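Last residue of the sequence shown? That's 569 in the numbering used here, and every number before it is there in order.
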Amino acid sequence: MTLKTLNARHLALFMLILLPSMTGYMAWEARAVDVTVITIDGAPRGVVYITDPHVRASNTDHVREVIREVNRLNPSLVLIGGDFVTGEESEFTSQGVWRSLDAPAYAVLGNHDYRVGTDGPTGLARLLAVRTSANVTAAGYDVSALDDSSTDTAFADGLATTLEENGVHVLRNDYARVFAGDEEIVIVGVDDGWAGMADPPDVPATDAFTVYLIHEPSCRADWDADLILAGHTHGGQFLFPVIAQLNDLGVIELAGMFETNGTPTYVSRGVCSASIAGVDLRFNCRPEIVLINPTEEQLQVIGDSA
């Protein structure tokens, strides 16, 4: 037996041991949810933001656990950043999970909710189309060129109706003035950009804290906002060191806090993931519940969990 053959066998044995272990770890990480605390000047206290639940039979228990954790935090308000489904559904009974949310919930739809850009090739095409065919400035915002025959508005309409029936208020190019605790907040919901549906509403001038919800961070503009919340990226899902460094430098925007002409933008890692062979996997990129300006009681809950 040659040294080359021996090394090849050792490598094969190593891979047989390593791959199942790594897969098991990545499956565990996809279910290990962090609570990420962010502090934003002027924002109401105790607001929770989640995104990308992609509810389906294989992750319903996980989504229920996320909702239980959100309820434990006793938020003043819950904001949800879209991609409620995978896009492969024929009905929406799984969206009944949202009935168990204890706080008022407001949401936007994502690209999966319109069945567009849901795989690698079509997603890349949509990303390029935003850069070449769309205007994402506040003054001339126009992504209508992305609205083509693949955008399934009937599917999105049915989903939005189901979400409303289950207590989630869906904002489709609309805004709501509500109270989070004792403080007023304006929630501006921009419909999905990749679907060509984004058409930001005119929002009256106000001193109230104003947050824009948008699914794809690449479709945001320099709006007159106090905070922009986005999702879509799953944080990269597999955040290897080089990718993490590029994200930290702002070269790419996969997860964390960025700035849009002085306006903070938070891109969440989401609570669920795109599945591989029916299994959610993540690496160095745990799902997250985002907690904005936590109360003392919420900090105590987090401390108790830790």
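Positions of the beta carbon are idealized from the N, C-alpha and C atoms, including for glycine.
Please read these numbers as outputs of a predicted model, since none were measured by experiment.
When the Cα of residue i is compared with those of the options, which residue comes out closest?
{"i": "R331", "options": "G345, D346, S363 and N374", "result": "S363"}
{"i": "P467", "options": "D455, W486, T314 and T381", "result": "W486"}
{"i": "W457", "options": "D415, V451 and D420", "result": "D415"}
{"i": "F347", "options": "P316, F355 and L387", "result": "P316"}
{"i": "R435", "options": "Q358, V300, D304 and V371", "result": "V371"}
{"i": "R394", "options": "N322, A401 and L409", "result": "L409"}
{"i": "N374", "options": "A461, V326 and T400", "result": "A461"}
{"i": "E516", "options": "V318, S481 and Q358", "result": "S481"}
{"i": "A290", "options": "A306, I303, N322 and V310", "result": "N322"}
{"i": "R327", "options": "A306, D304, V296 and L340", "result": "V296"}
{"i": "V360", "options": "T523, D324 and T469", "result": "D324"}
{"i": "T302", "options": "Q358, T528 and A320", "result": "T528"}
{"i": "A423", "options": "T356, T496, E551 and E446", "result": "T356"}
{"i": "Y369", "options": "G386, V329 and V311", "result": "V311"}
{"i": "D499", "options": "P550, A471 and G541", "result": "Here the sequence assigns Gly to residue 499, which means Asp is not the residue at that position. Closest by alpha carbon: P550."}
{"i": "D455", "options": "V298, A518 and V433", "result": "V433"}
{"i": "T523", "options": "Q508, G287 and I491", "result": "I491"}
{"i": "A212", "options": "T469, I539 and I552", "result": "Summary: the structure shown does not reach residue 212, with the chain confined to residues 264 through 569, and so no result is reported for it."}
Ignore the nearest five residues each way along the sequence and tell me which others in residue i's own chain have a CB closer than 6 Å to its CB.
{"i": "T314", "result": "G344, G494, S531 and G533"}
{"i": "I477", "result": "V453, R483 and A493"}
{"i": "A293", "result": "S536, D543, L544 and R545"}
{"i": "A392", "result": "L409"}
{"i": "V379", "result": "S413, T414, W457 and A458"}
{"i": "A419", "result": "L372, D376 and Y377"}
{"i": "E446", "result": "P307"}
{"i": "V431", "result": "W361, A368 and A370"}
Measuring only the C-alpha atoms, how far is residue i from residue j?
{"i": "F503", "j": "G383", "result": "19 Å"}
{"i": "R229", "j": "M285", "result": "This structure cannot settle anything about residue 229, because the visible part of the chain is limited to 264 through 569."}
{"i": "F442", "j": "I448", "result": "6 Å"}
{"i": "T526", "j": "L390", "result": "22 Å"}
{"i": "S396", "j": "V514", "result": "22 Å"}
{"i": "D489", "j": "T473", "result": "5 Å"}
{"i": "S412", "j": "G459", "result": "11 Å"}
{"i": "T425", "j": "R308", "result": "29 Å"}
{"i": "D437", "j": "T558", "result": "29 Å"}
{"i": "D567", "j": "S353", "result": "41 Å"}
{"i": "L279", "j": "I506", "result": "For L279, the pLDDT reaches just 49, beneath the cut-off of 50, and the residue's location in the model is therefore unreliable, leaving the point undetermined."}
{"i": "C548", "j": "I565", "result": "19 Å"}
{"i": "V406", "j": "V341", "result": "27 Å"}
{"i": "Q561", "j": "S339", "result": "11 Å"}
{"i": "G421", "j": "T381", "result": "18 Å"}
{"i": "F501", "j": "E479", "result": "18 Å"}
{"i": "R319", "j": "D304", "result": "36 Å"}
{"i": "V329", "j": "V298", "result": "10 Å"}
In the DSSP assignment, what are the bridge partners of residue i?
{"i": "E447", "result": "F442"}
{"i": "E551", "result": "D297"}
{"i": "V329", "result": "None; V329 has no bridge partner."}
{"i": "G452", "result": "D437 and L476"}
{"i": "Y369", "result": "L342 and H432"}
{"i": "V348", "result": "DSSP output for V348 lists no bridge partner at all."}
{"i": "I572", "result": "Shown here, the chain extends from 264 to 569; a query on residue 572 therefore has no answer."}
If you drop the 5 nearest sequence neighbours on each side, which residues of the same chain put their C-beta closer than 7 Å to that of residue i?
{"i": "Y404", "result": "N398, P463 and A484"}
{"i": "V258", "result": "This structure cannot speak to residue 258, because the chain is shown only from 264 to 569."}
{"i": "T400", "result": "A484 and D485"}
{"i": "G444", "result": "P307, R308, G309 and S339"}
{"i": "G386", "result": "G380"}
Using a Cβ-Cβ cutoff of less than 8 Å, which residues in the same chain neighbour residue i once the five nearest sequence positions on both sides are dropped?
{"i": "N334", "result": "S363, L364, D365 and A366"}
**OP:** Would you list, in sequence order, the uninterrupted alpha helix (DSSP H) runs of no fewer than 4 residues that lie entirely inside the stretch 465 to 549?
**Re:** 504 to 511
Original post:
Along the chain, which unbroken stretches of the alpha helix (DSSP H) at least 4 residues long are found entirely within the stretch 399 to 439?
Top reply: 416 to 428
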